[in-house]
Every structure is written in C-alpha cells, then in structure tokens.
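The opening position of the sequence shown corresponds to residue 99 in our numbering, with each subsequent residue numbered one higher.
Glycine residues also receive a C-beta, built at the ideal position from the N, C-alpha and C atoms.
Remember, predicted model here, so these are calculated numbers, not experimental data.
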Amino acid sequence: MKSFLISTLAILLSVATIVHSGPIPDEFKDVAPDIRETCTKLTSVSTDLIEKAGLGDFVEDDKLKCYLKCLFDQFRLLSPHGFNFEAMLGLTPPKMTDAAVKAVKDCRDTTAKPDDMCDLSFNLHKCFYNSSPDQYFIM
C-alpha cells in the first residue's frame with residue numbers, strides 16, 4: 099500500500115513538473131526531496147545544472163539528461179516505447195488539465211537520439227518548459 103501511495107504521488111509530481119511554476123506545490127513537498135536525492139545520487143548531476151534547467155537554461159550535459167530520465171522513471175512515465183502521455187493525462191488533477199493537455203499537444207512529437215531515453219527526457223523537459231515557461235518547475 100505504501101509503495102502504491104508513493105508511486106501515485108510520484109506520478110502526480112511528474113504532472114506537476116509540467117504544469118506549475120516556481121516552488122513545488124505543497125501536496126508534493128513530502129516526496130520531492132527523496133526523488134531529487136535518489137536521482138541526484140544515481141546520476142551525480144550538479145545541482146547548479148538542475149537549477150538552471152528549472153529556469154529554462156537546459157545545458158547539454160549527459161548527467162542532466164539522465165537526471166531528467168530518472169525523474170520520469172520515478173513517475174513510471176517511461177517505457178521502452180517512449181513517454182506515456184496518456185498515463186500522464188489520466189493522472190492529471192482537474193485543475194492542471196488545460197496545461198497538461200497543451201504540453202501533450204506541443205510535445206507529443208518530441209524526438210531524441212535512437213534508443214536514448216536520457217536524451218528523450220531532456221528534450222521533453224525542454225519542450226514542456228517552452229510550452230508553458232511561466233508554469234514549469236523542476237525538482
């Protein structure tokens with residue numbers, strides 16, 4: 099049950115990553131530090147690069163790309179077939195629906211290097227930022 103709750107919150111946090119600006123919303127503050135710590139440890143990415151990405155400055159860096167993939171992995175939104183936009187929309191809280199639908203429309207055709215989920219995650223985050231820069235945030 100605890101695992102299900104954490105997974106559900108992680109998926110909702112992924113959606114919030116796309117549709118909220120600035121600070122992480124209160125309902126996600128309990129899980130965000132653990133997810134950030136997990137993904138930072140797995141990738142050894144610089145906190146500075148994460149903060150820059152949150153402001154729209156996406157530095158071409160393999161560790162950052164894989165950090166962004168790790169975030170999606172934590173939210174179970176990636177599969178060998180790519181990003182699961184339908185799952186994201188299905189879990190989007192009603193107040194976030196419009197921004198999430200816009201992000202899907204704007205970013206559905208995002209591409210990456212063949213078989214490189216880190217690159218795809220990076221390109222999707224850039225697209226999500228460009229879709230709604232005033233509403234984007236990153237953990």
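Within the same chain, 181, 205, 208 come within 7 Å of residue 222 by CB-CB distance, once the 5 residues on both sides are set aside. Secondary structure note for residue 229: its alpha helix (DSSP H) is the uninterrupted segment 215–229. Distances from the CA of residue 160 to each of 138, 235, 178 were compared; the closest alpha carbon is that of 138. Per the DSSP secondary-structure output, residue 188 pairs with nothing in a beta bridge. Sequence-distant partners of residue 195 (beyond 5 residues in either direction) whose C-beta falls short of 7 Å from its own C-beta are missing from its chain. In this structure, residue 130 and residue 237 form a Cβ contact; the two beta carbons are roughly 5 Å apart against a cut-off of 8 Å.
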